Amino acid sequence: MTSPADAEAAAGAARERCGGLDVLVNDAAILHDTWQRAGSADLDVVREAMETNLYGP
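Going by the working numbering, the sequence shown runs without a break in its numbering and finishes at 58.
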C-alpha cells in the first residue's frame, strides 16, 4: 500500500469480510539491487527502498 486511501480500503474490506481486526502487524520492506555499488546505484531505487523500509507505506 502506498496511500491512505489504499489503507482505508483494506481496513474496510477486513471489516466487511471479518467483522474487524484484532491485531495489525505493520511489516513493509523491499530490497532492490543489493549487488550494485553505492557509487553507481540508481538513487530513485535506493530512495524508494529507504522510504519503504524506514517509514512504511
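Glycine included, every Cβ here is placed at the ideal spot set by N, Cα and C.
The structure displayed is predicted, hence computed values, not measured ones.
* Start-end ranges of the alpha helix (DSSP H) lying completely within the stretch 7 to 40, minimum 4 residues -> Residue ranges of uninterrupted alpha helix (DSSP H) with 4 or more members are absent from the stretch 7 to 40; none lies entirely inside it.
* To do: With DSSP collapsed to three states, give me the class of residue 50.
  => Note: residue 50 maps to helix in three-state DSSP.
* Asked: Looking at C-beta atoms only, is the number of pairs between the stretch 2 to 14 and the stretch 39 to 52 that lie closer than 8 Å three or more?
  -> Flag = no, the stretch 2 to 14 and the stretch 39 to 52 do not touch.
* To do: Might you give, ordered along the chain, the residues of its own chain that have their beta carbon closer than 8 Å to the beta carbon of residue 61, omitting 5 neighbours on each side?
  => Only positions 2 to 58 of the chain appear in the structure, and residue 61 is not among them; the question remains open.
* Asked: Measuring CA to CA, which of 47, 46, 17 and 29 is closest to residue 54?
  -> Comparing Cα positions, the closest option is 29.
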